[in-house]
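**Q** Chains as they are written, first to last, in the working numbering: chain A, 1 to 260; chain B, 1001 to 1291; chain C, 2001 to 2330.
All C-beta atoms, glycine included, are put in the ideal place defined by N, C-alpha and C.
Predicted, not measured: the structure shown is a model, and the values here were computed from it.
Once you've had a glance at the structure underneath, I'll fire off some questions.
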Amino acid sequence: MGNTAILRVENLTKDFGGLRALDRVDFAVAENQIKALIGPNGAGKTTLFNVIGGFLFPTDGKVFFQEEEVTYLKTHLLSKKGIGRTFQTPQIVLDMSVLDNVMVGFYLQTKSEFIASGLKLKKTIREEERVREKSLEILDSLNLRREATLEARRLPFAQMRLVEIGRALAINPKILLLDEPSAGLNPYETEQMGEVLKKYKDLGVTILFIEHDIDLVMRISDEIVVLNHGQKIAEGTPTQIRTDAKVISSYLGEAKQAHA
Amino acid sequence: MILTNLFQVLFSGITIGCIYALMALGFHIVYITIKNVNFAFGMFVSLGGLIGYALVTQLQLNFFVALLIVAVAGGIAGYLFERSIVRPIFDRPILTFIICTLAIGEVIENGSSLLWGSEALPCKAFTNNVPLDLFGVKIFPQNLWILGLTLFAVIGAKIYFNFTLTGKAMRATANNRLAARLCGINPLRVSSFAFISSLSLGLFAGMIFSPITFAGGFVGIHYTVLGFTGAILGGITSSTGSILGGLLLGIVEALFRGFITTRHTEAFMMMILLLILLLLPQGLFRVRSEE
Amino acid sequence: MFGTIRLKELLIYAFGVSLFFSFIILANIKWLDIGIHVGIYFIVATGLTILLGMAGQISIGHAAFFGIGAYSSGLLTSTWDLNFWIAGPLSVIFAGIGGYLVGLTSIRLRHDSLAMATIAFQVIFSVLVYEWVEVTGGPAGFGNIPVPSIGTFKIDTETKYFLFVSIIALGVFLFSRNLISRRIGRVLISIRENEVVSSSIGINVPKYKLKVFTLSAMYAGVGGVLFAHYARFISPTSFTIHFSFAFLVMVLVGGRRHILGAFFGSIFVTILPEFLRLVSSFSLFPVSLREIFTNYTYHLIIYGLLVYFSLVLLPKGIYGLGVSVFQKRL
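Shown next as structure tokens:
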């Protein structure tokens, strides 16, 4: 692993009262790779995302972004640094158009405040135009150009997911944290999603994503981290994970319980 | 001399505090059920006073009978309120409920002023209101009635909540409707019950308070804010907390009014609210066992 | 969505312009008076629309900001002899400071607590102007507020004041429209929908809450200044919580999701009583209902019910109604 770690968590622990949601979790995401975070329900995956993303502070441990400690940094400052995020259900503004939803992601790269906007200064108009174009480009890359002016609530679920990714991309992130990007998507849409993720990896974005769809994970990931009961139980390439005894037992165990 | 004054003020404060306690309890019950605040509550409290006035001072009914009627009327009002106002906007954002209840509160208060006029009406005390003299402190029987009746209502409420599953059912409904349903709790019934008991308490409080202040007079919003303040002071998620918070608030108000000035009491109470919201949003008496 | 409703907006502008000119042509004192009130309330309601409709923050105490503007300007010009063109903007800034303070509370409070806090501020303001008799004249209010003047030209007739208010209202409208249709508008709407997600895009939510409260209060302050120098006599009764509720009615019934909602709302609230009075004066009108149509208390009840129904049935207010009617025609 010659690449620098763009994101690194060290000894991350999170307690909620008596419940230990994360237990000394340690791993790193190398630059420009796609890394999957998998594990049974309740394993702590979303909690991990919330800690990395600044929505929660850990009980112990540290988070490093590009080797800078960011454990206690507030969410909006983390976005400034280049961490983008999506959520388990697409959190887009249904009242706004698809285009507006992506344009709002360009917040950090624009500067017009109240007075400049209100007075419609030239620099505001130029900035707005620039943002609009870039947003349309993103929508293009996600095959959403046609839907740009539609109200977001009129989109099918799969496209809503893409809009959310589009907004996350607008912040020009160095790393994207995606929470179950394929949830609610049919096999065809899931495959499309996989292609989108690979495309953006090729464009230089690092991706860390939570997933339950093991096929998708195996297909597009460079590396996989497996969590169970808040602990990391395995980390490696898809091949390694596929044959890891601990992973098989924890997942098989789940499967056994499901069929019981 | 100053000690007598102090006791007089304290006694007055406990009296007001009883009313705030009842109102705070009313807010608590609704809050733990729908995690929201009924902004029309104070108008209903005022309405209780007005109905009491109509029954006792105008129709000369026996005050116990009137009180019972008012409490029942509160229950009915609560049921109607829940069916017609709360239910249609169940799944809307928090703000919708706030503004809706505020609007309905205005309707109720203005409607009341059409029936009873906009002036504050003086109400007859429940019994002959000759004050007793206890070491120089004047104890008015009406205040004793307020204390006693509040105690009665509070104990009744506590017994009901502790010995039935209702309290738990309300919290469960607030936390997760679906899960509550799966446990056999009907969220709609729970919600109905919450408003029935909340408004019943509210009208009840309004009636027993009116002989000391007045009935009516566009004070609805003040009752709303002060009842809420009492609940927040003690911890709106706890029934004991809300009650104690209301009591404490009454005492604080009386102390300020008695020893500093009457004129600015209102503004002072508002500052108390702001202070609590900013510094102590959890309240003083959060009882862990109720979580 | 923001750039594509050209035709509908055009129609509304046409309506507004014709309304404006009809007021001018009528030059009837009573209707000019109404027009001035509509203009003033429009400015306040626009500010509240940005705060409530766009940013999703509740304020049940906007009359207090309105009052800060009115009392400040009135006092500065009458008691302290300050020029209107200095006193006015200064008063708007004072109102903004009031908004800033309320904004500070909005950062940490949930909606219900924030609503209570805004009521608290409103009551504190009301008590302040009521009790501070030496300065504000107490319940009796104070008068002798001068008319605005530019050199020797005094804005002292209804017609002149109507034009004055209209110009300012137009400016306010254009400023607001520019504001909302761009970056800031998207930011505010995003905050309204989900604060957590907004911060994940890098938006500093507390900062914007502060700014929008300040801005919204300044709008109300502008309205207050215009009000004070028109009425030339003000008293605490014009700045109570019931007025705050009236402003809310304007925003909610007019349509809180769109910047033009305030236009319909302010017209509605100001003109409805007049309209009802007019209707009830027809000889064919049933006498029994006449009371309802003229008594202000009934109007207030109607407002309350309208707010309720419009929230339940019409989330987009009158403006939304017009839009959907329009869309059905296309």
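To the nearest whole angstrom, what separates the beta carbons of F1097(B) and I1104(B), a pair I think is in contact under 8 Å?
**A** F1097(B) to I1104(B), Cβ: 10 Å. No contact.
**Q** With respect to the beta strand (DSSP E) encompassing V25(A), which residues constitute its N-terminal and C-terminal limits?
**A** L19 to A30 is the span of the beta strand (DSSP E), which, as asked, contains V25(A).
**Q** Given that Q91(A) touches chain C, what residues does it touch there, using C-beta distances under 9 Å?
**A** Per Cβ cutoff of 9 Å: E2193, N2194, V2196, V2197 and S2200.
**Q** Are any of the Cβ atoms in chain B nearer than 9 Å to that of V2287(C)?
**A** Chain B, which has no Cβ nearer than 9 Å to the Cβ of V2287(C), makes this no.
**Q** Among the residues of its own chain, which have a CB less than 8 Å from the CB of P132(A), if the five just before and after it don't count?
**A** Per the sequence shown, the amino acid found at residue 132(A) is Arg instead of Pro. The residues are L99 and M103.
**Q** Out of curiosity, what's the CA-to-CA distance linking D2236(C) and A2140(C)?
**A** Note on residue identity: the sequence assigns Pro, not Asp, to residue 2236(C). The straight-line gap from Cα to Cα measures roughly 8 Å.
**Q** Do the CB positions of G1202(B) and G1017(B) come within less than 9 Å of each other?
**A** No.
**Q** How long is the line joining the alpha carbons of Y2041(C) and I2168(C), rounded to whole angstroms?
**A** Spanning the two alpha carbons is a distance of roughly 12 Å.
**Q** List, in order along the chain, the chain A residues whose C-beta lies closer than 7 Å to that of K2211(C)?
**A** Within 7 Å Cβ-Cβ: F114.
**Q** Comparing C-alpha positions only, which one of L1055(B), F1064(B), E1082(B) and L1006(B) sits nearest to S1192(B)?
**A** Considering only alpha carbons, the answer is E1082(B).
**Q** Which residue comes first and which comes last in the alpha helix (DSSP H) that contains I2145(C)?
**A** Counting along the chain, I2145(C) falls outside any alpha helix (DSSP H), and DSSP gives it neither H nor E.
**Q** So for T1150(B), helix, strand or coil by DSSP?
**A** Three-state result, T1150(B): helix.
**Q** Quick check: does the Cβ of F2015(C) come within less than 8 Å of any heavy atom belonging to the ligand MG?
**A** In the structure on display, the ligand MG does not appear, and there are no ligands present to speak of.
**Q** T2105(C) touches chain B at which residues, Cβ-Cβ below 9 Å?
**A** Here the neighbours are L1274, L1277 and L1278.
**Q** Who are N11(A)'s beta bridge partners in DSSP?
**A** Per DSSP, none; premise fails for N11(A).
**Q** Hey, how far is the Cα of H212(A) from the Cα of E180(A)?
**A** Each residue's Cα considered, the two are about 7 Å apart.
**Q** Taking the alpha carbon of F1228(B) as the reference point, which residue from A1040(B), L1010(B) and N1175(B) has its own alpha carbon closest?
**A** Comparing Cα positions, the closest option is A1040(B).
**Q** What alpha helix (DSSP H) runs, 4 residues minimum, are completely inside the region 87-158 of chain A?
**A** Entirely contained in the region 87-158 of chain A, the alpha helix (DSSP H) runs reaching 4 residues are, in chain order, 98-103, 114-118 and 122-141.
**Q** Please classify C1183(B) as buried or exposed, where buried requires at least 16 other C-beta atoms within 10 Å of its C-beta.
**A** Classification for C1183(B): exposed.
**Q** State buried or exposed for V2086(C), treating a residue as buried only when at least 16 other CB atoms are found within 10 Å of its CB.
**A** Residue identity differs from the one stated: residue 2086(C) is Ile in this sequence, not Val. So I2086(C) counts as exposed.
**Q** For H1264(B) and chain C, any beta-carbon pair shorter than 9 Å?
**A** Interface residue, yes.
**Q** Are there 16 or more other CB atoms within 10 angstroms of the CB of S2011(C), so buried, or fewer, so exposed?
**A** A quick correction: the sequence has Leu, not Ser, at residue 2011(C). Exposed, since its Cβ has fewer than 16 Cβ neighbours within 10 Å.
**Q** When you compare only the Cα positions, how much space is there between Q1008(B) and K1138(B)?
**A** Approximately 7 Å, taken between the alpha carbons.
**Q** Over what stretch of residues does the beta strand (DSSP E) that includes T206(A) continue unbroken?
**A** Its beta strand (DSSP E) spans residues T206 to I210.
**Q** Would the beta-carbon of G2061(C) fall within 9 Å of that of I2155(C)?
**A** Taking 9 Å as the Cβ cut-off, G2061(C) and I2155(C) do not qualify as a contacting pair.
**Q** List the residues of chain C whose Cβ lies closer than 8 Å to the Cβ of F1063(B), in chain order.
**A** Under the 8 Å cutoff, chain C gives no residues; its nearest Cβ is about 30 Å from F1063(B).
**Q** Determine whether the Cβ of A1106(B) lies closer than 9 Å to any Cβ atom of chain C.
**A** One point to set straight first is that residue 1106(B) is Glu, not Ala, in the sequence displayed. True, the Cβ-Cβ gap to chain C drops below 9 Å.
**Q** Alpha carbon to alpha carbon, how far is I2124(C) from T2240(C)? Give it in angstroms, no decimals.
**A** Taking the straight line joining both Cα atoms gives about 10 Å.
**Q** Nearest chain B C-beta to G2255(C) closer than 9 Å, yes or no?
**A** No, because no Cβ of chain B sits closer than 9 Å to the Cβ of G2255(C).
**Q** Identify every residue that forms a DSSP beta bridge with Q33(A).
**A** Paired residues: none, contrary to the question.
**Q** Whose Cβ in chain B lies nearer than 9 Å to the Cβ of L2248(C)?
**A** Within 9 Å Cβ-Cβ: I1099, L1102 and A1103.
**Q** I'd like to check one pair, L169(A) with L7(A): are the Cβ atoms closer than 9 Å?
**A** Contact: no.
**Q** Beta-carbon of I2124(C) versus every beta-carbon of chain B: anything under 9 Å?
**A** Answer yes: the Cβ-Cβ gap between I2124(C) and chain B drops below 9 Å somewhere.
**Q** Cutting at 6 Å between CB atoms, please list the residues of its own chain near R2192(C), excluding the five before and the five after it.
**A** Answer for R2192(C): A2055 and G2056, listed in chain order.
**Q** Just to confirm the assignment: which complete alpha helix (DSSP H) runs, minimum length 4, are found wholly within the region 2196-2277 of chain C?
**A** Counting only runs of 4 or more, we get 2205-2231 and 2241-2254.
**Q** Report yes or no: is there a C-beta of chain B within less than 9 Å of the C-beta of M2054(C)?
**A** Chain B contact via Cβ: absent.
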